[in-house]
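Residue numbers (the numbering used here), protein chains in the order written: chain A, 448 to 1018; chain B, 2 to 131.
Quick reminder that beta carbons are idealized off the backbone N, C-alpha and C, glycines included.
Just so it is clear, the structure is predicted and the values come from calculations on it, not from any experiment.
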Amino acid sequence: MAMNQRRLGGLVTAMVVVCLGSAGLAFYVLYQATLDEQRHRLGDALDGQIRLIAAIARFQNDESGASTDSAKQVTLRQALDAHWRSKGFGRSGEFVLARIENGKVAFALSQRRDNVSPLPLSGPFGEPMRRAVAGETGSCICLDYAGKTVLASYAPVAGLDMGAVAKIDLAEIRAPFLTAAAIGGGGAVLAIALSAFLFVRFATPLIGSLEEIEARNRAIVENAAEGIIAIGEQGLVESVNPAAARIFGYERSEVIGRPVSLLLPPAVGEQSDATRSERFGEARILGLGREVVGRRKDGEACPVEIAVSHARAGRRSFFTAIVRDLTERKRDEAEREELRRMAEQNSRLAEIGALSAKIVHDLGNPLGGLSMQAQLIQRYVSRGESGERIVKRVEQMMSTVRYVVSLIRQFREFGRGQKLEMSPIDLHAYVEELAGVWAPLAARKGVALRRQLADGLPPLRADPGKLRRVLDNLIKNAIEACDPPPGEVRIEARMSEAGRIRLSVADTGVGVPETIRLFQLFETTKANGTGLGLAVSREIVLAHGGDIEFARLEPRGTVFHVDLPAEGPAQ
Amino acid sequence: MTNGRAKILKVLLIEDDLAMRTGIEGNLELDGHSVEAHASVEALGPITRLTDIDLLITDHQLPGESGLEFADRFHALRPEVPIVLITAYFSRDLEARVGGRGFVRLLRKPFVYEEFHELIQRMANHARHG
């Protein structure tokens, strides 16, 4: 603010000086012109007077003796006065006649003052008359007989041995100019003062708001969490905010004036073919969120994200780089990744734990049965029995063993992940075969098995065997859900959205309880269910890039939808 | 075990697993016991008719009413009858619940015939003496 006041003071002074100077110059030129004009007029009037004197002198010589010398004098004075007045030389205009008498300049005629005392031939006063009596003709600004500064024209009067001077006080000529200058100068100073006042009055709030904006911007820049670096056209750092200095481990003063390549890789512009420009030389490298590796003062690499923008101030253009320190984020990312990996491992372990418990449970059951059956056979045999009873026990054991085998297969499948062998499937043939396989069971259970396929279905790219497991599972569940009979199970296929095929299995069965988390490993509503079927199905569908979901039907029943990309999973 | 032959028991068996049910049933019958076997509590009908039962063997995990629930109901009706509860679960909760009931013996799957046989012998003696 103090600086602005000083500037304002200087400005006002300059304006005053310029105004007064130019006005003074104008007045001076005008004054000189007036002076010249007066000089000419004085000269003309002097000429006229001298000619008049000569004429009157001739006339008086012709009338010689007719009148006295003094009478002649009076006549001459009256004639000269009359002529002079006609010229109009203001208050101080005067025509003077003198001659040399007794080595002094003796005044014969002066209009403003009677009996002017003679002047010596040398001295400061009466200079024009001295020149006139000395026979010179001209004009000057000099002191008259009374010691006043005058503009005077002088000339000798030929034949009379006299000198004539026509003069006017310089003060009278100057007076209007001085008045005008006083009025004009005062007015100018007043006008300037008023202008300055108004300027200050109106500019101060403007300057204040600009200063406020600047202060605010400065505060933002100073306190920004991101580093802000201003870079000149030559790639030199012009300014950095504290955050930028902190990120790169420098003092602010250490980097100002140094090349920005000290902090950021020189190849910032060269690495990408999006730009051929050198460093920050061109606006084309501008970009948002580029991740680069900068260098700290201690030599450490420092991952940063930078956004460079181009700005122009007057004719200068410069670049602003906003730099975000990614060190912490990278570290966090690494930590999160580690945690995620551990969590994944843990959940995998938990899954394995659950799987183990499940295996123990599900295999324990049939093993107990097998033990009982085997014991029974042994006892029958030891009692000498044979035939029907033993065959029945063996069949029972075989059936249990088959169940155990299928159980183990399912576990193995779940643990292995899904490797798909894709081939195009003609859904009409595929679903027809499927329906044929399940028809006998459905009939036994009193369930009607229907299928409904949209026309023009494209071939579906999928693993036929894996997909079969999914559909087998859904159809088996659906038939079992229709207990007690009668019921209906519908298999449908249609295009759902662009490029996706929806296979649905709907039943009119008992429905799914609210509490169960279907698709979750080991979740089952069935007394002898493993809780593997839907979990495995989901794995298979996901591996195909598809989705599986279910919905409750009104008034009763459930529908499962399997949505698959017709072209197989995206690579 | 006593000198004479073990007492002939009338056993009520509830087990949904076919191999287990027929296995137990067959073995008990060979030992001379008579067995009434069902796959669920619901299949058994009204329990008030079960006045001559000497031993109840029931699986815990059954479709419908659970084995333990049924054991409680049966115990209220026939408090003198010992009960064997078969389970494949290692649940602490279940263990605690069974532990609080002196009349229930827990038989964990998987088990081999010998373990089963020994337990039934003990129960038979208990039934005879108690």
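What residues in its chain sit with their C-beta under 8 Å from that of B:Leu120, if we drop five residues either side in the sequence?
Val85, Arg106, Leu108
Ignore the nearest five residues each way along the sequence and tell me which others in B:Glu16's own chain have a CB closer than 6 Å to its CB.
Arg22, Asp60
In chain B, which residues lie with their C-beta within 7 Å of the C-beta of A:Thr433?
Since the first residue shown for chain A is 448 and the last is 1018, residue 433 of chain A is missing from the structure and cannot be characterised.
At which residues does the alpha helix (DSSP H) containing A:Val988 begin and terminate?
980-990
According to DSSP, is B:Thr23 part of a helix, a strand, or is it coil?
Residue state, collapsed to three classes: helix.
Hey, out of A:Ser818, A:Leu607, A:Phe536, whose CA is closest to B:Phe117's CA?
A:Ser818
Kindly give me the distance between the Cβ atoms of A:Pro689 and A:Arg705, rounded to whole angstroms, as I take these residues to be in contact under 8 Å.
So it is not a contact: roughly 17 Å between Cβ atoms.
Whether or not the region 595-607 of chain A and the region 623-642 of chain A are in contact is what I'm after, with contact meaning three or more pairs of Cβ atoms, one per stretch, closer than 8 Å; do they touch?
no
Are the region 879-897 of chain A and the region 922-941 of chain A touching by the rule of at least three beta carbon pairs closer than 8 Å?
yes
Could you check if A:Glu842 belongs to the surroundings of the ligand COA, using beta carbon to heavy atom distance under 6 Å?
In the structure on display, the ligand COA does not appear, and there are no ligands present to speak of.
Does B:Gly68 come within less than 7 Å of chain A when only Cβ atoms are used?
Closer than 7 Å: no.
One question on the structure: do A:Val740 and A:Ile753 come within less than 7 Å of each other, judged by their Cβ atoms?
In this structure, A:Ile753 does not lie closer than 7 Å to A:Val740 by Cβ.
Counting only Cβ pairs nearer than 7 Å, list the residues of chain A close to B:Val113.
Ser818
Taking 7 Å as the threshold (beta carbon to beta carbon), is B:Ala89 in contact with chain A?
yes
Over what stretch of residues does the alpha helix (DSSP H) that includes A:Tyr1031 continue unbroken?
The structure shown has nothing for residue 1031 of chain A, since chain A only spans 448 to 1018.
How about A:Leu814: is its C-beta nearer than 7 Å to some C-beta of chain B?
yes
Just mark A:Val521 as buried or exposed, buried being the case when its beta carbon has 16 or more other beta carbons within 10 Å.
exposed
Can you give the Cα-Cα distance for A:Gln857 and A:Val878, rounded to whole angstroms?
One C-alpha to the other measures close to 23 Å.
Would you mind telling me which residues of chain B sit closer than 7 Å to A:Gly811, beta carbon to beta carbon, in chain order?
Ala89, Lys110, Pro111
Compute the Euclidean distance between the alpha carbons of B:Ile58 and B:Phe71, then round it to the nearest angstrom.
11 Å
If we define contact as Cβ-Cβ less than 7 Å, is B:Ile25 a contact residue for chain A?
Against chain A, the CB of B:Ile25 has a partner CB under 7 Å away; the residue lies at that interface.
Going by DSSP, name the residue or residues bridged to B:Lys11.
Per DSSP, B:Ser35.
Measuring CB to CB, does A:Thr1019 end up less than 7 Å from A:Ser756?
Here chain A has residues from 448 to 1018 only, and residue 1019 of chain A is not among them.
Name the chain B residues that come within less than 7 Å of A:Gln857, Cβ to Cβ?
Within chain B, no residue comes near A:Gln857; the closest Cβ sits about 17 Å away, beyond 7 Å.
Between A:Arg577 and A:Thr596, what straight-line distance do the alpha-carbon atoms span, to the nearest angstrom?
15 Å
Just the C-alpha distance for B:Asn28 and A:Glu784, rounded to the nearest angstrom, thanks.
58 Å
Mind checking if A:Ser533 is an interface residue toward chain C, Cβ cutoff 7 Å exclusive?
Of the protein chains in the structure, A and B, none is chain C.
Could you check the C-alpha separation between A:Ala691 and A:Glu673 for me, to the nearest Å?
7 Å
Looking at A:Asp1006: is its Cβ nearer than 7 Å to the Cβ of A:Ala945?
The identity of residue 1006 of chain A in the sequence shown is Val, whereas the question assumes Asp. For A:Val1006 and A:Ala945, no; Cβs fall outside 7 Å.
Per the contact definition of three or more C-beta pairs closer than 8 Å, is the region 449-468 of chain A in contact with the region 637-647 of chain A?
yes
Which whole runs of the alpha helix (DSSP H) in the region 776-826 of chain A are 4 residues long or more, in chain order?
You should have found no qualifying run.
Between A:His991 and chain B, is the shortest Cβ-Cβ distance under 7 Å, so that the two count as touching?
no
So, are the CB atoms of A:Ala1013 and A:Leu874 less than 7 Å apart?
Cβ distance not < 7 Å, so A:Ala1013 and A:Leu874 don't count as in contact.
At a CB-CB cut-off below 8 Å, which residues of chain B make contact with A:Gln843?
Leu19, Ala20, Thr23, Gly24
Taking the alpha-carbon of A:Ile615 as reference, which of A:Ile588, A:Val707, A:Asn812 has the nearest alpha-carbon?
A:Ile588
Checking the sheet assignment: what are the DSSP bridge partners for A:Arg908?
A:Pro871
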